[in-house]
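K.L.:
Residue numbers (our numbering), protein chains in the order written: chain A, 1314 to 1568; chain B, 1314 to 1568.
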DNA sequence: ACAAATAAAACATCAGATGTTTAGTATCTC
DNA sequence: GAGATACTAAACATCTGATGTTTTATTTGT
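1) Output, in chain order, the set of chain B residues within a Cβ distance shorter than 9 Å of residue 1381 (chain A).
2) Would residue 1333 (chain B) and residue 1374 (chain B) be called neighbours here (beta carbons separated by less than 8 Å)?
3) Residue 1382 (chain A): buried (16+ other C-beta within 10 angstroms of its C-beta) or exposed?
4) Please classify residue 1348 (chain B) as buried or exposed, where buried requires at least 16 other C-beta atoms within 10 Å of its C-beta.
5) Of all Cβ atoms in chain B, is any one closer than 8 Å to the Cβ of residue 1340 (chain A)?
6) Do you know how far the Cα of residue 1484 (chain B) is from the Cα of residue 1567 (chain A)?
7) Beta carbon of residue 1462 (chain A), beta carbon of residue 1471 (chain A): below 8 Å?
8) What residues are listed by DSSP as bridge partners for residue 1394 (chain A)?
9) With DSSP as the reference, label residue 1439 (chain A) as helix, strand or coil.
10) Assess, as a yes-or-no matter, whether the stretch 1477 to 1495 of chain A is touched by the stretch 1424 to 1434 of chain B under the definition of 3 or more beta carbon pairs within less than 8 Å.
11) Does any C-beta atom of chain A lie closer than 8 Å to the C-beta of residue 1503 (chain B)?
12) Kindly indicate if chain B contains any beta-carbon less than 8 Å away from that of residue 1370 (chain A).
13) Quick check: the stretch 1441 to 1453 of chain A against the stretch 1518 to 1528 of chain A, are at least 3 beta-carbon pairs closer than 8 Å?
14) Name the residue from A:1369, A:1380, A:1360 whose alpha carbon lies nearest to the alpha carbon of residue 1338 (chain A).
15) Does the Cβ-Cβ distance between residue 1517 (chain A) and residue 1460 (chain A) come in under 8 Å?
16) From residue 1538 (chain B) to residue 1532 (chain B), what distance separates their C-alpha atoms?
17) Under 8 Å between C-beta atoms, does residue 1425 (chain B) make it to chain A?
18) Distance, Cα to Cα, residue 1366 (chain A) vs residue 1376 (chain B)?
19) Please give me, in chain order, every unbroken run of the alpha helix (DSSP H) with length at least 4 that falls completely inside the stretch 1462 to 1529 of chain B.
20) Beta carbons nearer than 7 Å to chain B: which residues of the stretch 1472 to 1502 of chain A have them?
21) Counting only Cβ pairs nearer than 8 Å, list the residues of chain B close to residue 1558 (chain A).
22) Establish whether the CB of residue 1402 (chain A) and some CB of chain B are separated by less than 8 Å.
23) Indicate the three-state DSSP secondary structure (helix, strand or coil) for residue 1551 (chain A) in the structure shown.
24) Using a 10 Å radius around the Cβ and a threshold of 16 neighbouring Cβ atoms, would you call residue 1315 (chain B) buried or exposed?
25) Report the CB separation of residue 1409 (chain A) from residue 1479 (chain A) in whole angstroms; it is logged as a contact under 8 Å.
26) Assuming contact is defined by CB atoms lying nearer than 8 Å, are residue 1448 (chain A) and residue 1399 (chain A) in contact in what I supplied?
27) At least one CB of chain A closer than 8 Å to the CB of residue 1431 (chain B): is that the case?
28) Start and end of the alpha helix (DSSP H) containing residue 1410 (chain A)?
29) My output table needs one value for residue 1557 (chain A): the three-state DSSP class, helix, strand or coil.
30) Can you list, in chain order, the residues of its chain whose CB lies under 6 Å from that of residue 1476 (chain B), leaving out five sequence neighbours each side?
31) Using the C-alpha atoms, what's the distance from residue 1420 (chain B) back to residue 1546 (chain B)?
32) Rounding to the nearest angstrom, what Cα-Cα distance links residue 1411 (chain A) and residue 1371 (chain B) in this structure?
33) Work out the CA separation of residue 1423 (chain A) and residue 1563 (chain A) for me, nearest whole Å.
34) Strictly below 8 Å CB to CB, what residues from chain B border residue 1373 (chain A)?
35) Hey, does residue 1399 (chain B) have any beta-carbon neighbour from chain A nearer than 8 Å?
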């Protein structure tokens, strides 16, 4: 699987990132990958400067970016330490994207999927009520692209665009901010159940059904079609990942 | 209503914020308040330095923080501009908190409440399945504090802690990241329906019901009790705010 | 042992110099 | 006069080094 990134679907300006952004990404990826225990000190500014071969201002700006995402906590005189994972802005697009760089953890993927199952049926239902003709057109186009996709690459991109269009059609700003979660879960899922392109085609009828319901302004229908589609995905993940559903309802060890 | 802030409920280190953080907040608040049109250039680094009376490094770090939250976009040679609202990390705790500084917009509050209605019944249902004894204890304590609250202040804090405890008891990291949304909606709601303390007490039985259901590991019961409570809140908001439900299902003007 | 003074480490801020990119303007060519 | 080129000013990016403040650890004195 090639290097499909979330940014590929974002309308971000394609400007080359500065040094601060690069250092931020590098550190961010390592933190998310778990290279540092929670609460541990990271190297001080000077060490980071020499390690990355940049000046102090660059390092400080990179650290500020990570502080803003909740990954780091800086204490004057003491040092900079990694915050508890519970304090991270897990919904930040960058933080989610950095999770893509590591082996998907079944437990985390299940949590993402649980959230998808909570969010998307509602979004589809609302979309059926409030979508504008243009928004419906976007969904239709994405659905069409899924049908016509030649490569698995194209299919995934179209799939992502489909779900994004539905989310946006719900016309709820807060909901749209959850786009990254849907995309991240979708990417991880593909990574896991990658095997057979024909397998993916199985989801086409359900997508078609979601589209039809939204076109018909059938809120209930859109919800349940989306629910069914996600339940199907859920099943396939559970089949592919042994530990996918392991901790469900049996959280024993202390927090 | 006094200056109750989200941070009051956060386990953040109570360290005095540096200059960069202060500048960031000041700018962030103004942006969120809508003082700048989308896409407009803000003052350049030098002007910001003189305006805030700080050095360039401080300004640059502040801007980096805002870039990380999606509010600003910096282009070398060109300038720094405010991004479209759709690109903001609306789920970022700071961005949500800055919304508290301005008059709550009915449309936005409704969107927050829609998301709460989507999230919290599910969370309560999951909590009923997976909550540990300690987590249930936390919920119980918050519920008890609501009953005993002497001031409206105390009541709001206890209310917030109740909903936070339930959210955390669902044992889903991604869900926990939505804490800020719940808190923000709750604060805005209080601001709107502030009038009568006795009015707030009305929600006590429903909170009690949620607690009971979770204690009994009754997932369905917890869900529906929470759903009922939120529907009630929703009604009160709709009654208090004329435009609360205005745009629902009638999104006419272009994006 | 306990407490106060001290020293070292680490972040915070400032100031200024230099490089790069962008956007706009002027100019030159045909 | 239209279009391409060259110049210039504005604005961000990066580096350097100096100075201040806070925290932590150590030393020292009784």
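Every residue, glycine too, gets a C-beta built ideally from N, C-alpha and C. A quick note: this is a predicted structure, and the numbers were derived from the prediction, not measured.
P.N.:
Short version:
1) 1337, 1377, 1378, 1379, 1380, 1381, 1382, 1405, 1407
2) yes
3) Under this definition residue 1382 (chain A) is a buried residue.
4) exposed
5) Contact with chain B is absent for residue 1340 (chain A), since none of that chain's Cβ atoms lies less than 8 Å from the residue's Cβ.
6) Confidence is the limiting factor: at residue 1567 (chain A) the pLDDT is only 39, short of 50, which leaves the residue's position unreliable, though a coordinate-based value still follows. Those two C-alpha atoms are separated by around 12 Å.
7) yes
8) Answer is A:1354, A:1386, bridged to residue 1394 (chain A).
9) helix
10) yes
11) So, not an interface residue.
12) yes
13) yes
14) A:1380
15) Going by C-beta atoms, residue 1517 (chain A) is nearer than 8 Å to residue 1460 (chain A).
16) Cα to Cα, the separation comes out at about 10 Å.
17) yes
18) 23 Å
19) Every alpha helix (DSSP H) stretch that sits fully inside the stretch 1462 to 1529 of chain B and reaches 4 residues is listed by chain position as 1465 to 1482, 1486 to 1489, 1492 to 1505, 1510 to 1514, 1517 to 1528.
20) 1484, 1485, 1486, 1487, 1488, 1489, 1490, 1494
21) Residues of chain B passing the Cβ test: none, with the nearest at roughly 12 Å.
22) yes
23) The answer is helix: DSSP assigns residue 1551 (chain A) an H, G or I state.
24) With a pLDDT of 42 at residue 1315 (chain B), under the threshold of 50, the predicted position of this residue should be treated as unreliable, and no value is reported.
25) Residue 1409 (chain A) to residue 1479 (chain A), Cβ: 19 Å. No contact.
26) no
27) yes
28) 1406 to 1413
29) Here residue 1557 (chain A) sits in coil by DSSP.
30) 1495
31) 16 Å
32) In a straight line, the C-alpha of residue 1411 (chain A) is about 27 Å away from that of residue 1371 (chain B).
33) Because residue 1563 (chain A) sits at a pLDDT of 46, beneath the cut-off of 50, its placement in the model cannot be relied upon, and the following sentence gives the value as read from the coordinates. If I take the Cα positions, the gap works out to 14 Å.
34) 1370, 1374
35) yes
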